[in-house]
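Using the numbering used here, read the sequence shown as starting at 38 and increasing by one per residue. Worksheet for the structure shown next.
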Amino acid sequence: MARGNQRDKAREANQKKLAAQKKGSSMSGTEMQRAKESAAEIMRAKQAAAEAKKAEAKK
Numbered sequence: 038m039a040r041g042n043q044r045d046k047a048r049e050a051n052q053k054k055l056a057a058q059k060k061g062s063s064m065s066g067t068e069m070q071r072a073k074e075s076a077a078e079i080m081r082a083k084q085a086a087a088e089a090k091k092a093e094a095k096k
């Protein structure tokens with residue numbers, strides 16, 4: 038009986054491992070790079086707006 042339980046536990050662990058691998062990014066390298074660049078551009082725009090707002094507040 039112990040072997041059956043061990044086999045079941047190993048099967049469950051393997052299924053969890055495979056599910057975690059499938060959860061990974063589904064984007065290709067170029068798509069991932071474009072997404073990163075887009076996010077970086079948005080953050081730069083937000084930072085520039087925040088700095089402008091701070092500069093305006095100091096006046």
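In this text, a Cβ means the ideal position worked out from N, Cα and C, and glycines have one as well.
Cα separation between residue i and residue j?
i	j	result
K73	G41	47 Å
R48	A57	14 Å
S63	K46	28 Å
K83	T67	24 Å
K59	A50	14 Å
E88	K53	46 Å
E93	L55	53 Å
K91	E78	20 Å
In the DSSP assignment, find the alpha helix (DSSP H) that holds residue i and state where it starts and stops.
i	result
L75	Per the sequence presented here, residue 75 reads as Ser, with Leu not at that position. S75 -> alpha helix (DSSP H) spans G66 to K95.
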